[in-house]
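Engineer: Sequential numbering from 115 applies to the sequence shown in this note's numbering. All C-beta atoms in this analysis are idealised placements derived from N, C-alpha and C, irrespective of residue type, glycine included.
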Amino acid sequence: MSDAMMSFILVATLIGSLAIGLWVSVALFLTGLVGVLLFSSAPLTNVLATNIWSSSSEWSLAALPLFIWMGEILFRSRMSGDLFSGLAPWMRSMPGGLGHVGILASGIFAAVSGSSAATCATVAKVAVPELKARGYDESLVLGTIAGSGTLGLLIPPSIILIVYGVAAEQSIARLFIAGVLPGLLVIGLFMAYVSIWSATGRVKTPPKDPPMSFGQKLKASRTLLPVALLIFGVVGSIYLGLASPTDSAAVGVVVALLMSWLFGDLNWRTFKEGLVSATLSSSMIAFILAGSAFLTIAMGYSGLPAAIARWITDMNMSHFALLAALTVFFIAMGCFLDGISIVVLTTAVLLPAVQASGIDSIWFGVYLVLVVEMGQLTPPVGLNLFVLQGMTGRDILYISKAAFPFFLMLSLAVVFVAMFPDIVLTLPRMMYGG
115 MSDAMMSFIL
125 VATLIGSLAI
135 GLWVSVALFL
145 TGLVGVLLFS
155 SAPLTNVLAT
165 NIWSSSSEWS
175 LAALPLFIWM
185 GEILFRSRMS
195 GDLFSGLAPW
205 MRSMPGGLGH
215 VGILASGIFA
225 AVSGSSAATC
235 ATVAKVAVPE
245 LKARGYDESL
255 VLGTIAGSGT
265 LGLLIPPSII
275 LIVYGVAAEQ
285 SIARLFIAGV
295 LPGLLVIGLF
305 MAYVSIWSAT
315 GRVKTPPKDP
325 PMSFGQKLKA
335 SRTLLPVALL
345 IFGVVGSIYL
355 GLASPTDSAA
365 VGVVVALLMS
375 WLFGDLNWRT
385 FKEGLVSATL
395 SSSMIAFILA
405 GSAFLTIAMG
415 YSGLPAAIAR
425 WITDMNMSHF
435 ALLAALTVFF
445 IAMGCFLDGI
455 SIVVLTTAVL
465 LPAVQASGID
475 SIWFGVYLVL
485 VVEMGQLTPP
495 VGLNLFVLQG
505 MTGRDILYIS
515 KAAFPFFLML
525 SLAVVFVAMF
535 PDIVLTLPRM
545 MYGG
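1) Return the chain-ordered ranges of every alpha helix (DSSP H) run that is complete within the stretch 212 to 296 and spans a minimum of 4 residues.
2) Determine whether the beta carbon atoms of L521 and M488 lie at a separation below 9 Å.
3) Measure the Cβ-Cβ separation of V277 and A527 and say whether it is below 9 Å.
4) Here's a check: name, in chain order, each residue in its chain whose Cβ is nearer than 6 Å to the Cβ of G210, leaving out the five neighbours to either side.
5) Given a threshold of 16 other Cβ atoms within 10 Å of its Cβ, counted over all protein chains shown, does N430 qualify as buried or as exposed?
6) Within a Cβ cutoff of 8 Å, which residues of the same chain sit near V294, ignoring the five residues on either side of it in sequence?
7) Does the Cβ of F460 have 16 or more other Cβ atoms within 10 Å, making it buried, or fewer, making it exposed?
8) For V348, which option in F290, F434, I402, F122 has the closest C-alpha, if you only look at C-alpha atoms?
9) Going by alpha carbons, who is nearest to I513 out of L440, I222, P340, F500?
10) Between the Cα of L376 and those of S391, L197, P340, P466, spot the shortest distance and give me the residue it belongs to.
11) Are there 16 or more other CB atoms within 10 angstroms of the CB of A281, so buried, or fewer, so exposed?
12) Please work out which residues of its chain come closer than 7 Å, Cβ to Cβ, to F198, disregarding the five sequence neighbours upstream and downstream, and give them in chain order.
13) Please confirm whether W183 and V365 have their CB atoms less than 9 Å apart.
14) Report the residue from I187, M119, F122, L162 whose alpha carbon sits nearest the alpha carbon of W382.
15) Taking G302 as the reference, which of F328, G261, S327, R336 has the closest Cα?
16) Of the choices L482, G472, V463, I411, whose alpha-carbon is the least far from that of F444?
17) Buried or exposed for G185, please, with buried defined as at least 16 other CB atoms from any protein chain shown within 10 angstroms of its CB.
18) Enumerate, from N- to C-terminal direction, the unbroken alpha helix (DSSP H) stretches of 4 or more residues contained entirely within the stretch 442 to 513.
19) Considering S154, what are the terminal residues of the alpha helix (DSSP H) in which it resides?
20) Determine the closest residue to L338 out of R192, G496, T258, M305, with distance taken between C-alpha atoms.
21) Is the beta carbon of V468 sitting closer than 9 Å to the one on L403?
22) Report the rounded CA-to-CA distance for F122 versus S154, giving the unit in angstroms.
23) Starting from F377, trace the alpha helix (DSSP H) in both directions and tell me its first and last residue.
24) Using alpha carbons as the reference points, say which of F328, S272, V148, A438 lies closest to R206.
25) Do you know whose CA, among T506, F181, L491, lies nearest M447's CA?
26) Going by alpha carbons, who is nearest to L144 out of N160, T159, L124, A163?
27) Buried or exposed: where does V160 fall if 16 or more other Cβ atoms within 10 Å of its Cβ makes it buried?
28) Sorted by chain position, which residues of the same chain lie with C-beta nearer than 8 Å to Q330's C-beta, five sequence neighbours on each side aside?
29) Measuring straight from C-alpha to C-alpha, what distance separates L136 and L142?
30) Is the separation between the beta-carbon of L212 and that of T233 shorter than 9 Å?
31) So L267 and V485 are in contact, right, with Cβ under 8 Å, and what is the actual spacing, rounded?
32) Over the uninterrupted alpha helix (DSSP H) stretch that includes L541, give me the two end residues.
33) Starting from F189, follow the alpha helix (DSSP H) in both directions and report where the run begins and ends.
34) Quick one: Cα of F434 to Cα of F304, how far?
35) What are the boundary residues of the alpha helix (DSSP H) that P340 is part of?
36) To the nearest angstrom, report how far apart S525 and I345 are at their CA atoms.
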């Protein structure tokens, strides 16, 4: 059987499985099963057992459930309210006023959450009713929170960067530090859009609040201190080389539990809810990764990754042409799959071709997260859109329209990191060399 026919059978099985509504993990296992049975004489049970064990026993994966649990703990604490009250005094004099608070709060919470949905839901819980009550345009409020919620995928500790690091066999610490400057770039683009759009009078903003003295602003910002300490303890320990991502995640969980207890938010109900939710999310991701590892073996037997790598290399596409094609491809996938599924499905297949084209694997990981972020804002499966729909009762088309300008800002961020790759690579080179 030719490589082309084997590849077609695998792709058709995978697409057909997803089309009939099977879970992504089940579709991966089913496609891998077809590949091993048709294209290999290897014993199925041995291949299945070995790959499930190897994919689930990676030490770096231990950080994943811990970071998810930390985010669940903070989601059920007073953290989001403290973020809003601490940031609001500094934003009141800017064009767009408190419309910027949701963006900055999302950026900060992303640094202790690692999840886009958790970031979006946590900030929306406080910011949406507060800003609407103050008279801010609802479309702008929902758009900023939907867009800035995607920062949970990029700003470390990012769950999806951990998944990519394991799948691509790249340093998670390098990926984390590589995401910092692009994350700040996205925050800057979002704030610039809100400022310009508000200054032109295109959206309704209430009159500016009375000015506050510098001392009053500092006093109001004391509520940010616990968040800052948690960020420094978790992320700073990784960057300073004091702890691995897994070690810092464990410390983060302990500190988050302690903070939640001191704030009076920790009780048996919230503890159990956070633990159960983290367990369900972690199990889902682990199941997807196990299916991906099994499918990767099947694709290896079929020769699909090598064939795609040769095909892309033979086309002699420039970097920009290749990235443009991949961006359209990932955005299309984002309309139907969640971000983690996209990363798992594509990394093993595309990475050989990307590396053959001379693209740095760390840079590609951050680029991939950026385009996956765009998928969080595209119907019909934009996760952030569903989060806001559930919290506000607004229909998905209204929220999609509100989020569209921030989709464009993410597109602009992709253009910037493609034209200036040092935005991604400078910090990893400074801290780790190479």
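Structural biologist: Working from what's here:
1) 215 to 227, 230 to 247, 252 to 263, 265 to 268, 273 to 282, 286 to 292
2) Along the sequence shown, one-based indexing puts residue 521 at 407. Along the sequence shown, one-based indexing puts residue 488 at 374. Residue identity differs from the one stated: residue 521 is Phe in this sequence, not Leu. Against a cut-off of 9 Å, the Cβ pair of M488 and F521 comes out as a contact.
3) Translated into the one-based positions of the sequence shown, residue 277 becomes position 163. Translated into the one-based positions of the sequence shown, residue 527 becomes position 413. Their beta carbons are not under 9 Å apart, which means V277 does not touch A527 by this criterion.
4) Numbered from 1 along the sequence shown, position 96 holds the residue referred to as residue 210. So the qualifying residues of the chain are V308, S309, S312.
5) Indexing the sequence shown from 1 puts residue 430 at position 316. The residue is exposed, with fewer than 16 neighbouring Cβ atoms inside 10 Å.
6) One-based indexing of the sequence shown puts residue 294 at position 180. The residues are I269, P270, L541.
7) In the sequence shown, the residue the question calls residue 460 occupies position 346. Note on residue identity: the sequence assigns Thr, not Phe, to residue 460. Label assigned to T460: buried.
8) Counted from its first residue, the sequence shown places residue 348 at position 234. Comparing Cα positions, the closest option is F290.
9) As a position in the sequence shown, residue 513 is number 399, starting the count at 1. Of the candidates L440, I222, P340, F500, the one whose C-alpha sits nearest the C-alpha of I513 is F500.
10) Numbered from 1 along the sequence shown, position 262 holds the residue referred to as residue 376. If we check each option's Cα against that of L376, P340 comes out closest.
11) Along the sequence shown, one-based indexing puts residue 281 at 167. By the neighbour-count rule (16 or more Cβ atoms within 10 Å), A281 is buried.
12) For this step, residue 198 is matched to residue 84 along the sequence shown. If we look at F198 and ignore the five residues flanking it on each side, its Cβ neighbours are V215, A219, V240, A241, E244.
13) Walking along the sequence shown from the start, residue 183 turns up at place 69. Walking along the sequence shown from the start, residue 365 turns up at place 251. Their beta carbons are not under 9 Å apart, which means W183 does not touch V365 by this criterion.
14) On the sequence shown, position 268 is the one that residue 382 refers to. Measuring from the Cα of W382, the nearest candidate turns out to be I187.
15) Along the sequence shown, read from residue 1 onward, the residue named residue 302 stands at position 188. Out of F328, G261, S327, R336, G261 has the C-alpha closest to the C-alpha of G302.
16) Counted from its first residue, the sequence shown places residue 444 at position 330. Closest by alpha carbon: L482.
17) One-based indexing of the sequence shown puts residue 185 at position 71. Classification for G185: buried.
18) 453 to 470, 475 to 489, 497 to 506
19) Walking along the sequence shown from the start, residue 154 turns up at place 40. Per DSSP, S154 belongs to no alpha helix (DSSP H) and is neither H nor E.
20) For the purposes of this step, residue 338 is taken as the residue at position 224 of the sequence shown. Ranked by Cα distance from L338, the first of R192, G496, T258, M305 is R192.
21) The count along the sequence shown starts at 1 and reaches residue 468 at position 354. The count along the sequence shown starts at 1 and reaches residue 403 at position 289. No, the Cβ-Cβ distance between V468 and L403 is not below 9 Å.
22) Here residue 122 refers to the residue found at position 8 when the sequence shown is read from its first residue. Here residue 154 refers to the residue found at position 40 when the sequence shown is read from its first residue. If you take the alpha carbons of F122 and S154, they lie about 16 Å apart.
23) As a first step, residue 377 must be located in the sequence shown, where it is residue number 263. Note, F377: premise wrong, no alpha helix (DSSP H); not H, not E.
24) Counting from 1 along the sequence shown, the entry for residue 206 is found at position 92. Among F328, S272, V148, A438, the Cα nearest to that of R206 belongs to F328.
25) Along the sequence shown, read from residue 1 onward, the residue named residue 447 stands at position 333. Comparing Cα-Cα distances from M447 to each of T506, F181, L491, the minimum goes to L491.
26) As a first step, residue 144 must be located in the sequence shown, where it is residue number 30. When each option's Cα is compared against that of L144, the closest is L124.
27) As a working mapping, residue 160 is identified with position 46 in the sequence shown. Strictly speaking, residue 160 in this sequence is Asn, with Val absent from that position. That one is exposed.
28) Position 216 of the sequence shown, counted from the first residue, corresponds to residue 330. The residues are P203.
29) Counting from one through the sequence shown, the residue named residue 136 turns up at place 22. Counting from one through the sequence shown, the residue named residue 142 turns up at place 28. About 10 Å.
30) Here residue 212 corresponds to residue number 98 of the sequence shown, with the count starting at 1. Here residue 233 corresponds to residue number 119 of the sequence shown, with the count starting at 1. It is not a contact, given that the beta carbons lie outside the stated cut-off.
31) The count along the sequence shown starts at 1 and reaches residue 267 at position 153. The count along the sequence shown starts at 1 and reaches residue 485 at position 371. In this structure L267 does not touch V485 by the C-beta definition: roughly 10 Å separates them, more than the 8 Å allowed.
32) Position 427 of the sequence shown holds residue 541. From DSSP, the alpha helix (DSSP H) with L541 extends over 536 to 546.
33) Along the sequence shown, read from residue 1 onward, the residue named residue 189 stands at position 75. Per DSSP, the continuous alpha helix (DSSP H) segment holding F189 begins and ends at 177 to 189.
34) Translated into the one-based positions of the sequence shown, residue 434 becomes position 320. Translated into the one-based positions of the sequence shown, residue 304 becomes position 190. Spanning the two alpha carbons is a distance of roughly 24 Å.
35) Locating residue 340 in the sequence shown gives position 226, where the first residue counts as 1. Run containing P340: 339 to 345, per the alpha helix (DSSP H) assignment.
36) The sequence position of residue 525 within the sequence shown is 411, counting from 1. The sequence position of residue 345 within the sequence shown is 231, counting from 1. Taking the straight line from one Cα to the other gives about 28 Å.
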